[in-house]
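To keep things clear, I will list the structure first and then write my remarks on it.
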Amino acid sequence: MQMDSSIAREFNVTPKRLRIIATSMALYLFLVVWPVSDCVRYFWAGDPGAFSLQRMLVAFFVALGFGIYAYLQMRRLTIVDNA
Amino acid sequence: MESQTITLKSLFGKKEVIFVLETLTQVLGPYYLKIKFVHLLFATMWLWSTSVAYLNYVVPTMKAWLRSPNSEDALRDRNSMMERFDHGVILEHIAFPVVLLSGVCLLLAGGWTAQSYWLVIKLSVVVLVFLPIEIIDYWLSHFGGNKLAFRRRANVDALASPRYEQLVQYHWWFLVVTTPIIATAGMLVVYLATVKPA
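Sequence lines, in order, name chains A and B.
Read in the working numbering, the first sequence has 17 at position 17, and its numbers run on one by one without any break.
Read in the working numbering, the second sequence has 177 at position 177, and its numbers run on one by one without any break.
Have a look at this one:
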């Protein structure tokens, strides 16, 4: 069968889109995963350190580091030079 | 009708649930290390079983297509590779439910609770990160997103079907987005499961 040349086959990726995805994932880590785990610790383990500033800073920097790593990794996988 | 409702309630009452959990804890307790062996074996199978194919076949083939998105040869290579990869993740997707099931058994056998911070972090990552990823992965690889099944069902040529192209691109987006997650969170859960930091 003939190849249909009318089908869009370019992978629609831009650095801006990757930055948005990486930022969303970092925010999910910081605003969903960390609060949920500290909620569990607070309500089921009575952890006095839950939601402490120290843990919040750790979660923030882990999320930030992950966001940067995710962006670089996704960029490496999708944006290629033609050389 | 009323008596049936009462029976159902009593089946799922708090006391009965606690009784079942305590019984399971007693029954599974002596097998803790055996269950741990199964858990780790399947966890590593789940984590690593596709890595060679992904790094050495999927990524190079996809990059060749990204360089020449309209090359018929690159597209045929890409489609053939993705159909094989759909099949290749079967091992990973057999391992995942075993990991979940053995994880629940370990929880019961070991009497672990939310007092262990490492466990709370691990379960948060499993439930909030890996579970959604795997649900999408199951769909892409074995159900509606399976490329070979779609091609056969719709009786179309891969290069002549916009939907086929869409499925491949969805799958590639999925792999791109989940690569950094698996690379970091995968290592994290194995570390937490083995080291169990306080």
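Even for Gly, the Cβ is constructed at its ideal location relative to N, Cα and C.
Neighbour flag for residue i against chain A, beta carbons, 8 Å
i, result
"residue 165/B", "yes"
"residue 152/B", "no"
"residue 160/B", "yes"
"residue 117/B", "yes"
"residue 107/B", "no"
"residue 121/B", "yes"
"residue 147/B", "no"
Distance, residue j Cα to residue i Cα
i, j, result
"residue 45/A", "residue 39/B", "25 Å"
"residue 75/B", "residue 60/A", "41 Å"
"residue 155/B", "residue 59/B", "28 Å"
"residue 101/B", "residue 37/A", "21 Å"
"residue 37/B", "residue 88/B", "24 Å"
"residue 172/B", "residue 32/B", "39 Å"
"residue 39/A", "residue 52/A", "12 Å"
"residue 81/B", "residue 57/B", "7 Å"
"residue 2/A", "residue 158/B", "10 Å"
"residue 105/B", "residue 35/A", "26 Å"
"residue 90/B", "residue 186/B", "18 Å"
"residue 153/B", "residue 143/B", "12 Å"
"residue 3/B", "residue 137/B", "Here the model assigns residue 3/B a pLDDT of 48, short of 50, so the residue's position is not dependable, and the following value carries that caveat. Going by the C-alpha atoms only, they are around 43 Å apart."
"residue 145/B", "residue 81/A", "29 Å"
"residue 125/B", "residue 179/B", "15 Å"
"residue 50/A", "residue 103/B", "25 Å"
"residue 15/B", "residue 107/B", "19 Å"
"residue 18/B", "residue 27/B", "14 Å"
"residue 23/B", "residue 23/A", "46 Å"
"residue 67/B", "residue 184/B", "28 Å"
"residue 53/B", "residue 15/A", "26 Å"
"residue 116/B", "residue 28/A", "23 Å"
Nearest-angstrom beta carbon gap, residue j and residue i [assumed within contact, 8 Å]
i, j, result
"residue 13/A", "residue 78/A", "5 Å"
"residue 92/B", "residue 50/B", "5 Å"
"residue 109/B", "residue 25/B", "7 Å"
"residue 11/A", "residue 166/B", "With 8 Å as the limit, residue 11/A and residue 166/B do not qualify as a contact, their Cβ atoms being about 12 Å apart."
"residue 98/B", "residue 42/B", "4 Å"
Cβ-Cβ distance between residue i and residue j below 8 Å
i, j, result
"residue 26/A", "residue 66/A", "yes"
"residue 75/A", "residue 18/A", "yes"
"residue 140/B", "residue 85/B", "no"
"residue 70/A", "residue 30/A", "no"
"residue 189/B", "residue 122/B", "yes"
"residue 248/B", "residue 181/B", "Residue 248/B falls outside the range modelled here, since chain B spans only 1 to 198, and no answer is possible."
"residue 134/B", "residue 96/B", "yes"
"residue 118/B", "residue 192/B", "yes"
"residue 147/B", "residue 79/B", "yes"
"residue 20/B", "residue 21/A", "no"
CB contact below 8 Å: residue i versus chain B
i, result
"residue 52/A", "no"
"residue 40/A", "yes"
"residue 56/A", "no"
"residue 20/A", "no"
"residue 66/A", "yes"
"residue 70/A", "yes"
Please go through the stretch 116 to 145 of chain B and give each complete alpha helix (DSSP H) segment of 4 or more residues, from N-terminal end onward. 117 to 125, 131 to 142
As an exercise, report each continuous alpha helix (DSSP H) stretch of at least 4 residues that is fully enclosed by the stretch 45 to 101 of chain B, in chain order. 59 to 67, 72 to 88
Residue ranges of each beta strand (DSSP E) within the stretch 12 to 61 of chain A, 3 or longer: none
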